[in-house]
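Peer 1: In my numbering, the protein residues as written are 521 to 801. C-beta atoms are modelled at their ideal positions from N, C-alpha and C, and glycine is treated no differently. Everything numeric in this text was worked out from a predicted model, so none of it was measured.
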Ligand code: NDP
């Protein structure tokens, strides 16, 4: 587990295995429309101090994300930009092409992190070789995976040249998967959460509302603080500037170890998204 005293402010980072600093709080953009909606969300977040934006080719909003980055006026080097190779593009050559297309849509020269979106059987190893190639070409500062369970990671690690640096997984009070987090920590693979709010359902959980009252914080702030104190990078999505702002107001309080364990124990195995061992897209 990362030391919570390292959690300082909106621009704070966790260090990846290769030394790259990854901001532990970012803006998610899944279902943010590729028009003024995503432009304003990205630009607004960056102007508020966020330094990490998560997109993917399948979100079909990379142009808008790129526009938001440009319009923010923040130097490119200060921003950690992430995209992902979609399932239909997996394979060696197809991934190289998909990567260039993402860069074009974003209007950028390089990415900070590129992820394999899902572990497509029989393809993800070739896809990983393409990511290793792009990394060696210095077109990506860090490479990783998403939705990889322990056996997928072990399979990649068995014959890769570079061990994935990040694993982005569904993570919220009903899907903690502590064994997978432990495995990633043991292998210096930075854990990152998607759908930290269970796409909104977390706000209905009584227990989270109880903690929010106790700390005089919102449920969203409790959940994000729990992510960071567990050493997990979080990328909450919102297109509302007031929410984007309040989701980052999490640096003036600390959850007790007891309450972290309490949240960990809410695990039910419930997913809001597909099971990485059983998806059909
Ligand atoms: P989240 O758990 O982040 O929830 C987003 C929802 O919560 C939206 O409806 C948003 O509404 C709402 N919301 C945000 N902040 C607040 C708040 N303070 N109070 C009340 N409601 C709030 O879901 P996501 O699925 O979007 O996950 C986060 C990110 O993770 C994605 O955007 C994407 O970047 C990534 N992701 C990756 C996946 C993968 O396979 N690798 C899969 C899914 C997501 P509104 O926008 O209207 O404010």
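(1) Hey, out of 729, 706, 737 and 584, whose CA is closest to residue 774's CA?
(2) Let me know the beta strand (DSSP E) ranges lying completely inside the region 699-734, each 3 residues or longer, listed in chain order.
(3) For the ligand NDP, is there a heavy atom less than 7 Å away from the beta-carbon of residue 740?
(4) Given residue 780, which residues of its chain have a CB within under 7 Å of its CB, disregarding the five upstream and five downstream residues?
(5) With a cut-off of 8 Å on the beta carbons, I'd call residue 634 and residue 663 a contact; round off their distance for me.
(6) Helix, strand or coil: how does DSSP classify residue 524 here?
(7) Comparing C-alpha positions only, which one of 680, 679, 716 and 685 sits nearest to residue 793?
(8) First and last residue of the beta strand (DSSP E) that includes residue 776?
(9) Any chance you could list the beta strand (DSSP E) runs of at least 3 consecutive residues sitting entirely within the region 575-621, in chain order?
(10) Reducing DSSP to helix, strand and coil, say where residue 556 ends up.
(11) Would you list the one or two residues that DSSP bridges to residue 643?
(12) What residues in its chain sit with their C-beta under 7 Å from that of residue 622, if we drop five residues either side in the sequence?
(13) Tell me whether residue 795 sits in a helix, a strand or coil according to DSSP, three-state version.
(14) Quick one: is residue 772 buried, meaning 16 or more other Cβ sit within 10 Å of its Cβ, or exposed?
(15) Express the C-alpha separation of residue 535 and residue 753 in angstroms, rounding to a whole number.
(16) Would a check of beta-carbon distances place residue 605 closer than 8 Å to chain B?
(17) Spell out the partners DSSP gives residue 631 in its beta bridges.
(18) Less than 8 Å between the CB atoms is what I'm expecting for residue 532 and residue 586, so what's the real figure, rounded?
(19) Can you list, in chain order, the residues of its chain with a C-beta nearer than 6 Å to that of residue 676? Leave out the 5 residues immediately preceding and following it.
(20) Taking 8 Å as the cut-off, does the region 666-674 touch the region 542-558 (at least 3 CB pairs, one atom from each stretch)?
(21) Can you round the beta-carbon distance between residue 787 and residue 694 to whole angstroms, since I take them to be within the 8 Å contact cut?
(22) When DSSP builds the beta bridges, which residues end up paired with residue 688?
(23) With three or more beta-carbon pairs closer than 8 Å as the criterion, would you say the region 684-694 touches the region 704-724?
(24) Express the C-alpha separation of residue 606 and residue 580 in angstroms, rounding to a whole number.
(25) Quick one: give me the first and last residue of the beta strand (DSSP E) that residue 541 is part of.
Peer 2: On the basis of the supplied data:
(1) The option with the nearest alpha carbon to residue 774 is 737.
(2) You should have 710-714.
(3) Remark: the C-beta of residue 740 is in contact range of the ligand NDP, defined as less than 7 Å to any heavy atom.
(4) Excluding residues within five positions, the ones whose Cβ falls inside 7 Å are 746, 749 and 750.
(5) In this structure residue 634 is in contact with residue 663, their Cβ atoms being roughly 6 Å apart against a cut-off of 8 Å.
(6) Residue confidence is low: residue 524 scores 49 on pLDDT, short of 50, so the model does not pin down where it sits. Its coordinate-derived value is still stated next. The answer is helix: DSSP assigns residue 524 an H, G or I state.
(7) It is 716.
(8) It is not in any beta strand (DSSP E) - residue 776 carries neither H nor E in the DSSP assignment.
(9) Along the region 575-621, the beta strand (DSSP E) occurs as fully enclosed runs of 3 or more residues at 600-605, listed in sequence order.
(10) Helix, per DSSP.
(11) For residue 643, which the question treats as bridged, DSSP gives no partner whatsoever.
(12) Cβ neighbours of residue 622 beyond the five flanking positions: 577, 582 and 603.
(13) Collapsing the DSSP output to three states places residue 795 in a strand.
(14) Classification of residue 772: exposed, given that the 10 Å Cβ count is below 16.
(15) Distance between the alpha carbons of residue 753 and residue 535 is about 11 Å.
(16) Although the question refers to chain B, the structure presented lacks it and comprises just one protein chain.
(17) Residue 631 is bridged by DSSP to 660.
(18) Incorrect: roughly 25 Å between the Cβ atoms, too far for contact.
(19) Residues of the same chain with a CB within less than 6 Å of the CB of residue 676, apart from the 5 flanking positions on each side, are 648 in chain order.
(20) The region 542-558 vs the region 666-674: no contact.
(21) Right, the Cβ-Cβ distance comes to about 7 Å (below 8 Å), so this counts as a contact.
(22) 666 and 712.
(23) At 8 Å Cβ cutoff, the stretches touch.
(24) One C-alpha to the other measures close to 11 Å.
(25) 541-543 is the extent of the beta strand (DSSP E) around residue 541.
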